[in-house]
Amino acid sequence: MITIQKASKVYSLGGEEIRALDNLSLKIDKGDFVALLGSSGSGKSTLLNVVGSLDTLTSGRVVVEGVDISKKKDKEQARYRRTRVGFIFQTFNLQRRLTATENVELPLLFDNIPAQKRKAMALEALSKVNLSDRVGHRPSELSGGQQQRVAIARAMVNNPKVLLADEPTGNLDSKSGENIMKLIRNLNKKENMTVIVVTHNEEHALYADRVLRIRDGKILRDSKKKQ
Amino acid sequence: MRVDDVLKVSFGNLFRQKARTALTIVSMMIGAFLISIMLSVGNGLKQFMISQVTMFADTRTIGVQKQFDFGSFGFSLGGGVEKYTEPSDALEVDVRPLDEGTSSDTSGMPDYLSGAVLRNNDLEKISKINHVADAAFEKYISPDYIRLDDAERDKLLVTLYGLPVEIRENASFSVVDKNELRNKDAVVLSDGYAESWGLDRELLLGKTVWIQVAQTGEPSGLGSVQQGGMSAGHGDVEIKEFPFKIAGFVEKSLLSQMGYITPEAADEIGAYIAGKSIEELITDEKEFEIIVIVDSDENVDAVDRAIEKAGYQSMTYDESIGQIGVVFDFISAALSSFGAIAMLVASIGIANTLLMAIYERTREIGVMKAVGATRTVIGALFTAEAAWLGILGGSVGLLVSWLIGRFVNWILHDGISIGSLTILKGVLADYPTFDISVFNIQIIILVLGVTTSVAVVAGLYPAWRASRLDPIVALRHD
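Note that the protein sequences, when read in sequence, are chains A and B.
Mind the numbering: the first sequence is residues 1 to 227 in the numbering used here, read in order.
Mind the numbering: the second sequence is residues 1001 to 1478 in the numbering used here, read in order.
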């Protein structure tokens, strides 16, 4: 489903050339749950952003369901992000002045969906993350775990094929982190979504079917859980 | 993203930093206020001038002149009615009824004006144009004074204007006796005469007034247009008083010392001044303007073209209004430029407000991009936010200027007084239909259009910057 071929991302920082991705190749099947493990600056977040079309490659290509997304223009990239992928961030990135429902509606707003339908879809997504009783709450009225669940609902509201999570438990206590990982695992199984999670946490990586250890922009080890 | 969602979201964004938004709107409001108040005052003055100029005009009238530069006539505008000063060597007044015209030698027209003179053959030529219902010379006469029978009342200066009855009937009267109006000895006076004589206009209707002219031997045209009193110290020049009956008063106007009489009466007085018989005067008529009345409104343009084709200069009612409009629109535009400067400053404020908003919302813009917003949508959201600032600033500016305009109109009409103590006199009390500030739909559309356009232009750069933000950088922003 996702094919990354000879992907390199090079940028310069203070006159020094940094290789965030170094000729990396990878295939991820549909419905896979992949954890990317590695230290800071290893290139795991860059890999996630490249798959999510938030970042572009210096060379190589990323093919998702047969389409090379690395060559797309802004409008097509935005459409891809809107319809094919969902992002979950470490800091949740919810809009403080909006309610949970309004935050979840955000991707639908950019997809020309009428207000009434948007609301119905947002409420459904919130029920999937067990937040039906918090739909009118603003982020400041929710716990960290609840905020991340709102962010997950936002990521999956448009039924994407791929869920990309960048350290989703990084700002949560261990119990909330466990719950979030369970929820993501659940979505992966129930909704048959392909999930890529960036994490530092070895324990949380165990929720994945496949663990990729990244160092210096290369895959150091690719281990699959035995079925 | 749907247009209604863009408008809704961008409007909601205005309330994130309420104080900053309010200040930006106030700065835009100042520009809008200045522009709209200037335009409304220009419009008020324009309407007033049009009402003055068209006081006796009919949409079917066309003024015809020779193709010649006249310069300007010497009417005193807005000065009110002036008193007549007795000449030091006042003569006995020879009082005769209107029909007793006398004749004597003629004198010539000033040479420099001869090119502008219209004669009987011109009148005949113009009268023969298709659809011309009536054509007559426009006649101005400048007598010495006008007085009531009552010796207690002042003798006042006056300029007489001979007008066909069709035109006089359509005038803006404050009081009128329509039956009297058609009589040959009827005179319609400016509103100020009743006031100067200290009598009610209604009481003066039908009263006899006496108008004194001197036999200067000059033609009745421009030679007699000099202000009354010109013959103070007539020497041995013969003078005569003509009796008229007051048929009405026109609304207070800037032409404050006018008397409107019939063309026939004007001919009689003109003949007396020139020292000719009426027949002689009519045979050798020399005037500067012919008033044409067209049979119907639809034919005005055709007649206008035919007159110009015949080699004359003509001005229809619509053209006169149009000319006044152009002049006052230009004045309004010039005055509005102060507002435009204020608006330019406000536009910098809008750009600054939006640039600050981008800084504050950088992370949010990153999220919007991550969940599928295109550059166009991000740009549209900020451009719409700028437009809202313009619309709100413009609306508040219009509202404030409208309220202040209304207040000023009220003060100028009614003045300010506490009990019997007058603090400020209503300077426009005599002009009940004249408002200094007059709003219309064009002003509202123009001001909102300008404020919105200026705001949108000011918002283009911030919108472009927001749309170009790198989502990765934006998402890392603190």
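Just so it is clear, CB atoms sit at the ideal spot from N, CA and C, and this is done for glycine as well.
Keep in mind the model is a prediction, meaning the values are calculated, not measured.
Note on geometry: alpha-carbon atoms of A/N93 and A/S45 lie some 16 Å from one another. For the options A/M1, A/S42, A/N49, the alpha carbon positioned closest to that of B/R1476 is the one of A/N49.
The contact set of A/L106 on chain B, defined by CB atoms closer than 8 Å, consists of V1367, M1368, V1371 in chain order. Residue environment for B/I1348: exposed (fewer than 16 other C-beta atoms within 10 angstroms of its C-beta). If you compare the alpha carbons of B/E1166, B/I1307, B/A1463, B/G1192 with that of B/K1125, the shortest gap goes to B/I1307. Ranking B/I1416, B/M1368, B/I1443, B/Q1442 by CA distance to the CA of B/L1469 puts B/M1368 first. Between A/V195 and A/L163, the gap from beta carbon to beta carbon is short of 9 Å. Here DSSP, grouped into helix, strand and coil, assigns B/L1007 to helix. By the C-beta density criterion, B/Q1323 is exposed, having fewer than 16 other C-beta atoms within 10 angstroms. The alpha-carbon of B/I1035 is positioned some 18 Å away from that of B/G1325. The three-state reading of DSSP puts B/I1129 in coil, since its state is none of H, G, I, E or B. Boundaries of the beta strand (DSSP E) around B/P1243: 1239 to 1250.
Closer than 9 Å to the CB of A/D173 there is not a single CB belonging to chain B. In this structure the stretch 1119 to 1139 of chain B touches the stretch 1281 to 1297 of chain B; the number of beta carbon pairs closer than 8 Å is three or more.
Against B/I1472, the close residues of chain A are N49, L54, D55, in the order they occur along the chain (beta-carbon pairs closer than 8 Å). Under DSSP, no beta-bridge partner is assigned to B/Q1052. In this structure, the straight-line span from the alpha carbon of B/D1177 to that of B/A1194 is close to 15 Å. Under DSSP, B/K1066 takes part in a beta bridge, and its partners are B/Y1312. DSSP links B/Y1161 through a beta bridge to B/Y1140, B/Y1260. Any Cβ of chain A closer than 9 Å to the Cβ of B/D1005 would place that residue at the interface, and such an atom is present. Taking CB atoms only, A/N158 has a neighbour in chain B less than 9 Å away.
B/G1044 and A/V157 have their C-alpha atoms roughly 59 Å apart. Within the same chain, and ignoring the five residues on either side of A/T3 in sequence, the residues whose Cβ sits closer than 6 Å to its Cβ are K27, V63. DSSP places A/T56 in the coil class of the three-state scheme, outside both helix and strand. Taking a cut-off of 8 Å on C-beta distances, the stretch 120 to 129 of chain A does not touch the stretch 74 to 94 of chain A, as fewer than three cross pairs fall below it. With a threshold of 9 Å between beta carbons, A/Q146 makes no contact with chain B. Using a Cβ-Cβ cut-off of 9 Å, A/R97 is close to G1012, F1015, R1016 of chain B, given in chain order. Taking a Cβ-Cβ cut-off of 7 Å, the neighbours of B/T1374 in chain A comprise D74, K75, A78, given in sequence order. About 6 Å separates the beta carbon of A/L183 from that of A/I152, a gap short enough to meet the 8 Å contact definition. For B/E1364, the chain A residues whose C-beta falls within less than 9 Å of its own C-beta are N93, Q95, listed in chain order.
The C-beta of A/M121 has 16 or more other C-beta atoms within 10 Å across all chains shown, which makes the residue buried.
Annotation for A/R79: the continuous alpha helix (DSSP H) segment containing it runs 74 to 83. The residues A1032, V1447, L1448, T1451, in chain order, have a CB closer than 6 Å to that of B/G1394 in the same chain once the five nearest residues on each side in sequence are set aside. Legend: CB atoms of the stretch 1321 to 1340 of chain B lying less than 9 Å from CB atoms of chain A are not found in any residue.
For A/F110, the chain B residues whose Cβ falls inside 8 Å of its Cβ are M1001, M1368, V1371, G1372, A1373, T1374, V1377, in order along the chain. Of the other Cβ atoms in all chains shown, 16 or more fall within 10 Å of the Cβ of B/K1155; this residue is therefore buried.
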